[in-house]
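Student:
Numbering (full-length UniProt numbering), first residue to last: 1 to 1133.
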């Protein structure tokens, strides 16, 4: 082996002779030292630091440090390689580091030493830290994942950097566990959180939580007060019942995915939980649902979290009380089992087909498998960067056969590029060994070079939104996509300048998607599968060894020295509210010094603990900065009859998200929101009577209706609405049945009987077994029971093992038809489309005809059109029946393509879900359509014209407007914003206050109440124009009505129906009372009082306060939303 000694301080080239010829040595061209933002790990007395090194070398290099850590490499061009070299640096102010470079293409291997090429510093953990608790009490937390733990927040002073994980030790007894971490540090690295959990229940001995620094100094010691002594009167579990019932066996995920305990508890004054053999800690806290603290109904789940997915069968569990006397069992163990759903053997035989498509100039791969139904089947096209794994969820890929046994057929575009020895194969899996098929494609273009990221920029848009701008090039195969944590995949549709071979890409990141990070990670991949990653272990990325900048909101926090917990004011208008007789309106106001007044605070109340799936940070209740009060304020409404106690919530305030338990542990009682109800009802509606109609086994000898008779109970809140989806082993297109109290056969919203019915035709039916595959039943306060359920109340929990769950029919009179329907004609409105135009010009309409001369086409099953393109999300749209006559059906399907869809690739078309009256199914992949001579692909062009999509809202006194679109370029001097105020003066040039390639902003709109138009001109090319309609300023009494279509359907295959929600928003500064209106053709309506065809706000919510809103729903006969007529209201001035 030949060694070349090299000093990083030299910087000159060197060469040596060997048997292989003349070899040039690698040269360090640039070194970028890290900014150390963390103290040394105390246990090892070292810091982990990454140095960026740019090396010039005509060959392939590997680099590793002297302690064996290898550095990832990014080749920027043929001779420049970028290394992010990790070093373990001992404590010291001036520590020299070294590395070795290797070239494995030589034999023997060539090696170069770079000794002492950089000097780094590593600071030890300070030995003078001061720790102060923000509150004295240990705060108990029940989080939405059913975890139970205690927290205490601390302030740690004398810090200039973050602390490592081993800076503190936290001592607790053996059956407890304590951890310590920094949180919400912002600009001031001082906020830390201690967390205590119970690992195993057992005898309890009072103890102190002792926190020491790394040098053994006690920084804090306090009694753990999270577990209380028994109260008088003592807690009593008066009754309990587990569902599924003890000793039973259920099928995983078919009905339930966790067991539910229903407990009647007297004097709930201590911790009670459900313990099971699958728990790794004491968890599964119970939740109040009904009654009072003195005598209430509670619900608990086991196992918690992921349900059966995190457990093994059988599950054994019991109830236990945890207090200062230890963990005390209540009753004995209950045990039940769960099994996996059994499916037949999946694949009989399968294969792949390669076909050329000249229209889009691509090679297509079609995967086929003849299979029995198994939801775990997927088809994976491992064809370099065009890799796609697709679940075969009905109707996608279902082709020729029945649901029980069918052909799966789906097409993909084969990548024309490959990197190295990538295998291009089709893999078909379904809980068994895969079938793998090499593709007979040989004419690949080889590309082994990574894409080159030239620069990454972040542009802030009013704090909450950030434009991520990536300059990237790839001269070989072109950029395929860019990914960043919390964001959608960015592709060629996000080009704002240039091409995929050398261009600029932009996408918008919202605050909710990036609040957990200081800066984004970015991965850029080309179409051959080569990628460049930029993340915390590879921070340096280009010739200048730059790093990705901080998010603007986080940078703002740093620059303005904002402490995320420095609330100088934090107050609810009412900390204690009584919701015994109806909802309660409340307001939260707070102040954070130096915070940007444009930040939109959001409040996420946890009103429905039995519906954890509803916790959505994206849909928090918005607030605003009140300039009169000098506070950020959010108004919200608490539903009626919440259980007495503290209400948990989240507060979003960029760039942080605060749980109420964090706030209570830092600012104390001011963060508490306490509700009282003389009798609570958070229990969702349940089914108390359930029988199949006319029985659970039916012989169809004449046209009939079958289904279930049910009773729904919910009191006192009352049942509001429900949706049931009924499927069978031969039919996965659900019958959707929606009901409200208006559909009751007898009773009312508190207890009513209902009929769930579906029609069956004797001459064409098929023997099959029906079941309710999913359902949701909701009460007037928003509490829902869910089927199938995981940590939800199941509406059918009383009937989990009932024989009435399934309804089997036999059809002795039906003619036998085992021949699937066929596609006889298929056409598109265009075979080429420009996806770089505005919305109106990006529509495709497909018309097609199907035929089934045997049993006839099913009018209930409208086929689906699927559009696919590599690196883009599949577009799916159900067709509409145009005509039907003697077994022949004609359909139409119009799809508006997303901007840029299929650019640089083309679009594959397929049609699935063609069904006849005996439930034979058919579908056609792209290659199937091509083989029949039908149009199967859409050629795509992609113009560079600027396009406008939407604008932000503006009122008649506003001057600021955001305009969103595409292809605005990267040069602000080449774009002109124009506004036409419709005043006869034409288009007026308007200055920009913010510029990017997908959004521009102006603060120079002339206040107007008249609608106006906006457009942009980029490099002399004029965009489409958008109409902007200003809203009127808030009057003492003003409102807007917003309607949203929830769903549409056709009853009895004849009558169209539409379900919609109406939101009345009070936009004035005075309360509205007795809002009343008329509406025609109403079938059902809820949430309002009714008198004929006049509807009025309900008596329990007769007033809408200023800037608040009220939502209710209705079902109407027709295809469009109803019109509110003859509106009357009272203005409370």
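C-beta atoms are modelled at their ideal positions from N, C-alpha and C, and glycine is treated no differently.
Given a cut-off of 7 Å on the beta-carbon distance, is the pair residue 858 and residue 915 in contact?
Tutor: One-based indexing of the chain shown puts residue 858 at position 858. One-based indexing of the chain shown puts residue 915 at position 915. Yes.
Student: Helix, strand or coil for residue 332 per DSSP?
Tutor: Counting from 1 along the chain shown, the entry for residue 332 is found at position 332. When secondary structure is reduced to three states using DSSP, residue 332 falls in the strand class.
Student: Return the residue from the list 1080, 1097, 1078, 1079 that minimises the CA-CA distance to residue 1087.
Tutor: Taking the chain shown and counting its residues from 1, one reaches residue 1087 at position 1087. Ranking the options by Cα distance to residue 1087, first place goes to 1097.
Student: When you compare the stretch 924–934 with the stretch 527–534, are there three or more beta-carbon pairs, one atom per stretch, that lie closer than 8 Å?
Tutor: no
Student: Does the pairing of the stretch 45–61 with the stretch 561–576 give three or more beta-carbon distances under 8 Å?
Tutor: no
Student: Label residue 900 either buried or exposed according to how many other C-beta atoms from any shown protein chain fall within 10 Å of its C-beta, with 16 as the threshold for buried.
Tutor: Taking the chain shown and counting its residues from 1, one reaches residue 900 at position 900. The residue in question, residue 900, is buried, as its Cβ has 16 or more Cβ neighbours within 10 Å.
Student: Need the endpoints of the beta strand (DSSP E) that residue 576 sits in, please.
Tutor: As a first step, residue 576 must be located in the chain shown, where it is residue number 576. 576–578 is the extent of the beta strand (DSSP E) around residue 576.
Student: Any idea if residue 492 is buried or exposed, counting beta-carbon neighbours within 10 angstroms, 16 or more meaning buried?
Tutor: Taking the chain shown and counting its residues from 1, one reaches residue 492 at position 492. Flag for residue 492 reads buried.
Student: Hey, how far is the Cα of residue 514 from the Cα of residue 627?
Tutor: Here residue 514 is taken as the residue at index 514 of the chain shown, counted from 1. Here residue 627 is taken as the residue at index 627 of the chain shown, counted from 1. Each residue's alpha carbon lies about 28 Å from the other.
Student: Should residue 262 go down as buried or exposed, given a rule of 16 or more other Cβ atoms within 10 Å for buried?
Tutor: Within the chain shown, numbered from 1, the residue matching residue 262 stands at position 262. Residue 262 should be labelled buried.
Student: What is the DSSP secondary structure of residue 1066, counted as helix, strand or coil?
Tutor: For the purposes of this step, residue 1066 is taken as residue 1066 along the chain shown, with counting starting at 1. Look at residue 1066 here: in three-state DSSP terms it is strand.
Student: Any idea if residue 325 is buried or exposed, counting beta-carbon neighbours within 10 angstroms, 16 or more meaning buried?
Tutor: Translated into the one-based positions of the chain shown, residue 325 becomes position 325. Result: exposed.
Student: How is residue 232 classed by DSSP in three states: helix, strand or coil?
Tutor: For the purposes of this step, residue 232 is taken as the residue at position 232 of the chain shown. Coil.
Student: What does the alpha-carbon distance come out to for the pair residue 361 and residue 449?
Tutor: Position 361 of the chain shown, counted from the start, is the residue given in the question as residue 361. Position 449 of the chain shown, counted from the start, is the residue given in the question as residue 449. Those two C-alpha atoms are separated by around 24 Å.
Student: Among 596, 659, 41, 171, which one has its Cα closest to the Cα of residue 92?
Tutor: Reading the chain shown from its first residue, position 92 is the one you call residue 92. The shortest C-alpha separation from residue 92 is found at 41.
Student: Of the choices 265, 443, 1114, whose alpha-carbon is the least far from that of residue 743?
Tutor: Within the chain shown, residue 743 is the residue found at index 743, counting from 1. Cα-wise, what sits closest to residue 743 is 1114.
Student: I need the DSSP call for residue 797, collapsed to helix, strand or coil.
Tutor: Residue 797 sits at position 797 when you count from the first residue of the chain shown. Residue 797: helix per DSSP, three-state reduction.
Student: Can you check whether the CB of residue 702 is closer than 7 Å to the CB of residue 762?
Tutor: Residue 762 sits at position 762 when you count from the first residue of the chain shown. Residue 702 sits at position 702 when you count from the first residue of the chain shown. By the CB criterion at 7 Å, residue 762 and residue 702 fall inside the cutoff.
Student: By DSSP's criteria, residue 30 is part of a beta bridge. Which residues make up the other side?
Tutor: Sequence index remark: in the chain shown, residue 30 carries index 30 (1-based). Note: residue 30 sits in a beta bridge opposite 54.
Student: Run through the DSSP bridge pairs and tell me what residue 1071 is partnered with.
Tutor: Along the chain shown, one-based indexing puts residue 1071 at 1071. For residue 1071, which the question treats as bridged, DSSP gives the partners 1132.
Student: Pairs of beta-carbons, one from the stretch 870–882 and one from the stretch 801–818, closer than 8 Å: are there three or more?
Tutor: no
Student: Alpha carbon to alpha carbon, how far is residue 751 from residue 242?
Tutor: Working through the chain shown from its first residue, we reach residue 751 at position 751. Working through the chain shown from its first residue, we reach residue 242 at position 242. So the alpha carbons of these two residues sit roughly 24 Å apart.
Student: Going along the chain, which residues of its own chain have a beta-carbon closer than 7 Å to the beta-carbon of residue 1102, five neighbours each way excluded?
Tutor: To locate residue 1102, count along the chain shown from 1; it is residue 1102. Cβ within range, chain order: 1073, 1074.
Student: What is the C-beta distance between residue 693 and residue 669, in whole angstroms, given that I count them as a contact (C-beta under 8 Å)?
Tutor: Within the chain shown, numbered from 1, the residue matching residue 693 stands at position 693. Within the chain shown, numbered from 1, the residue matching residue 669 stands at position 669. Contact doesn't hold; Cβ gap of about 55 Å is too wide.
Student: Residues in the same chain with beta-carbon distance under 8 Å from residue 332, minus the five sequence neighbours each way, listed in chain order, please.
Tutor: Along the chain shown, one-based indexing puts residue 332 at 332. Same-chain partners within the cutoff: 318.
Student: Span of the beta strand (DSSP E) holding residue 676?
Tutor: Translated into positions along the chain shown, residue 676 becomes position 676. Secondary structure note for residue 676: its beta strand (DSSP E) is the uninterrupted segment 674–676.
Student: Could you compute how far the alpha carbon of residue 1137 sits from the alpha carbon of residue 1091?
Tutor: Because residue 1137 is not part of the residues shown, which for the chain are 1 to 1133, the question remains open.
Student: Pull up the distance between the alpha-carbon of residue 82 and that of residue 211, whole angstroms please.
Tutor: Here residue 82 refers to the residue found at position 82 of the chain shown. Here residue 211 refers to the residue found at position 211 of the chain shown. Taking the straight line joining both Cα atoms gives about 43 Å.
Student: Between the beta-carbon of residue 909 and the beta-carbon of residue 863, is there less than 7 Å?
Tutor: Against the chain shown, residue 909 aligns to sequence position 909. Against the chain shown, residue 863 aligns to sequence position 863. It is not a contact, given that the beta carbons lie outside the stated cut-off.
Student: Whole angstroms are fine: how far does the CA of residue 115 sit from the CA of residue 6?
Tutor: Start at 1 with the first residue of the chain shown, and residue 6 comes out as number 6. Start at 1 with the first residue of the chain shown, and residue 115 comes out as number 115. In this prediction, residue 6 has a pLDDT of 33, which is less than 50 and means its spatial position is unreliable; nothing more can be read from the coordinates.
Student: Strictly by DSSP, which residues pair up with residue 605?
Tutor: Within the chain shown, numbered from 1, the residue matching residue 605 stands at position 605. According to DSSP, which records beta bridges pairwise, residue 605 is partnered with 649.
Student: Does the distance from the C-beta atom of residue 235 to that of residue 269 stay below 7 Å?
Tutor: Locating residue 235 in the chain shown gives position 235, counting from the first residue. Locating residue 269 in the chain shown gives position 269, counting from the first residue. A contact, by the Cβ cut-off of 7 Å.
Student: Relative to the C-alpha of residue 201, which residue among 687, 173, 223 is closest?
Tutor: The sequence position of residue 201 within the chain shown is 201, counting from 1. For the residues 687, 173, 223, the minimum Cα distance to residue 201 belongs to 173.
Student: List the DSSP bridge partners of residue 323.
Tutor: In the chain shown, counting from the first residue as 1, residue 323 sits at position 323. 326, per the DSSP bridge assignment.
Student: In whole angstroms, give me the CA-to-CA distance for residue 251 and residue 339.
Tutor: Against the chain shown, residue 251 aligns to sequence position 251. Against the chain shown, residue 339 aligns to sequence position 339. About 5 Å.
Student: For residue 229, count neighbouring C-beta atoms within 10 Å of its own C-beta (all shown protein chains included) and say buried if the count is 16 or more, exposed if not.
Tutor: Here the question's residue 229 lines up with position 229 in the chain shown. Taking all protein chains in view, the Cβ of residue 229 is surrounded by fewer than 16 other Cβ atoms within 10 Å, so the residue is classified as exposed.
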